[in-house]
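In this note's numbering, the protein residues as written are 2 to 445.
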């Protein structure tokens, strides 16, 4: 019995092979006709971008403990030495491909059908409630409107996997604290440039200007059926996940003492590979659980599969969500360039780091005897201010400093009757002091 499964040799440690004709740097030119063939007459006539439709997340299949949707903005930077060969219609076709990838990512992270996953792993599927989107009408730190999909010409013939590559990553880069930068290029293996590499990702912001994900152009042109799997795999790495079997030792051997650190994934004795190259996995190809004869979770996005439904486990989901809040919380906060900020999630983790703390002040209150209660939405920590200008003399300013970053529920009470007269929410972010001016009607 055969199980449908992908395999292309992958990302951070594997690569896929191309034919001799494909090994040359004709990746862009050879697909131009294919692009034109995929453009409908109506699109040619209207010369318009595909409509951006709202992404619906099915909440009826699998729930997690945390139902708040985390929204992550993705920027696409297409870098190629022959970018001038792309006419406007071809660029619009690639734009459509990028929007399609967003849809596939949201399906992979949120809408896995348990009927397509083998038992017992169908009982462990996690719904991430992480929604990816291409931002429009958002601004960089200089209040310049961001171009979410950009095309860049380069003199470099191809690129190899490097965590730091200024030639590639200086093209289109936008502050990686607030955006997931994705570069698309002709990507090759570092040790054998005749082999195409599918992609790679960074897992931290040690070098912020190089932080993000890099995909091979082949993924968009010749591997469309496997895009969901490989893109979910790489972004899983970006969000802190290891391969399901853990990491290799220094000699490149797979050993069962190494693990991915996730409690509900099996201790699998290596990656699942399609050794016969037939886009099927034979029974003897499925990697087993260490010290057990049972099958591994070969359908997991963090294995090396592609033509399968793909899944993350519940603990993988928890790890990614915690990783975002602890290490990539800046993705959740946007500057709208009018003196305030907006958050794409109503909870940002307490970093317990004074360097990233914020402050809140109530300035010029013109009424007496108010208690202001601040509740951190994620940690439920409470902070109180008592406003009584009469007893404070001329000091008309009340502040709390070194508050954990996040979204706060602000409630204003009278101290006489302890009745709530106003409530609202506000974000507190680093590098700012939130100032609230209260009056008899509440706040403004």
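Cβ coordinates follow ideal geometry from the N, Cα and C atoms, glycine included. In this text, all values refer to a predicted model and were calculated from it rather than measured experimentally.
Collapsed DSSP secondary structure at residue i in the structure displayed
| i | result |
| --- | --- |
| residue 105 | helix |
| residue 204 | coil |
| residue 376 | strand |
| residue 296 | strand |
| residue 428 | strand |
| residue 331 | helix |
| residue 413 | strand |
| residue 220 | helix |
| residue 235 | helix |
| residue 284 | helix |
| residue 146 | strand |
| residue 93 | helix |
| residue 325 | helix |
| residue 263 | coil |
| residue 31 | Because the pLDDT of residue 31 is 45, which lies under 50, any placement of that residue in the model is unreliable, and the number read from its coordinates should be weighed accordingly. Residue 31 falls in the helix class under three-state DSSP. |
| residue 168 | helix |
| residue 229 | helix |
| residue 289 | strand |
Member of the options whose CA lies at the smallest distance from the CA of residue i
| i | options | result |
| --- | --- | --- |
| residue 307 | 423, 81, 109 | 109 |
| residue 99 | 84, 77, 117 | 77 |
| residue 215 | 164, 303, 245 | 164 |
| residue 115 | 301, 422, 421, 402 | 301 |
| residue 158 | 102, 81, 239 | 81 |
| residue 303 | 92, 248, 415, 176 | 248 |
| residue 241 | 318, 414, 155, 383 | 318 |
| residue 137 | 151, 156, 107, 386 | 151 |
| residue 376 | 129, 409, 314 | 409 |
| residue 328 | 207, 140, 74, 154 | 207 |
| residue 257 | 288, 228, 227, 220 | 288 |
| residue 226 | 378, 334, 280 | 280 |
| residue 210 | 194, 174, 184 | 174 |
| residue 382 | 406, 388, 400, 362 | 406 |
| residue 421 | 400, 404, 373 | 373 |
| residue 120 | 176, 312, 261 | 312 |
| residue 218 | 147, 298, 95, 176 | 95 |
| residue 222 | 91, 425, 193 | 91 |
| residue 181 | 145, 93, 75 | 75 |
| residue 400 | 384, 414, 415, 412 | 384 |
| residue 84 | 107, 172, 141, 190 | 172 |
| residue 126 | 418, 323, 386, 298 | 298 |
| residue 284 | 274, 291, 292 | 274 |
| residue 305 | 361, 244, 322, 323 | 244 |
| residue 111 | 69, 148, 193, 139 | 69 |
| residue 403 | 224, 359, 416 | 359 |
| residue 117 | 418, 93, 309, 167 | 309 |
Own chain partners of residue i with C-beta closer than 6 angstroms, once the 5 adjacent residues on each side are dropped
| i | result |
| --- | --- |
| residue 331 | 178, 179 |
| residue 448 | In this structure the chain extends from 2 to 445, so residue 448 is not present and cannot be described. |
| residue 160 | 169, 186, 188 |
| residue 155 | 80, 82 |
| residue 224 | none |
| residue 62 | Reliability of the predicted coordinates at residue 62 is poor, the pLDDT of 34 falling under 50, and no value is obtained from them. |
Nonlocal neighbours in the same chain, by C-beta distance under 7 angstroms from residue i, ignoring five residues either side
| i | result |
| --- | --- |
| residue 276 | 286 |
| residue 123 | 115 |
| residue 263 | 314, 316, 317, 320 |
| residue 325 | 71, 240, 332 |
| residue 220 | 199, 200, 228, 231 |
| residue 412 | 374, 421, 424 |
| residue 268 | 257, 260, 290, 291 |
| residue 386 | 363, 373, 399, 401 |
Residues bridged to residue i [DSSP beta-bridge criterion]
| i | result |
| --- | --- |
| residue 181 | 75 |
| residue 81 | 154 |
| residue 188 | 160 |
| residue 312 | 301 |
| residue 173 | Paired residue(s): none; residue 173 is not in a bridge. |
| residue 126 | 314 |
| residue 383 | 376 |
| residue 133 | 73 |
| residue 400 | 362 |
| residue 371 | 388, 415 |
Neighbourhood of residue i by C-beta, 8 angstroms cutoff - its chain only, sequence neighbours within 5 removed
| i | result |
| --- | --- |
| residue 183 | 75, 76, 77, 78, 213, 214, 215, 216 |
| residue 190 | 16, 161, 162, 196, 197, 198 |
| residue 426 | 347, 378, 408, 409, 410, 411 |
Stretch pair the stretch 225–237 + the stretch 195–206: three plus CB contacts closer than 8 angstroms: yes
The stretch 101–108 contacting the stretch 131–149, beta-carbon criterion three pairs below 8 angstroms: yes
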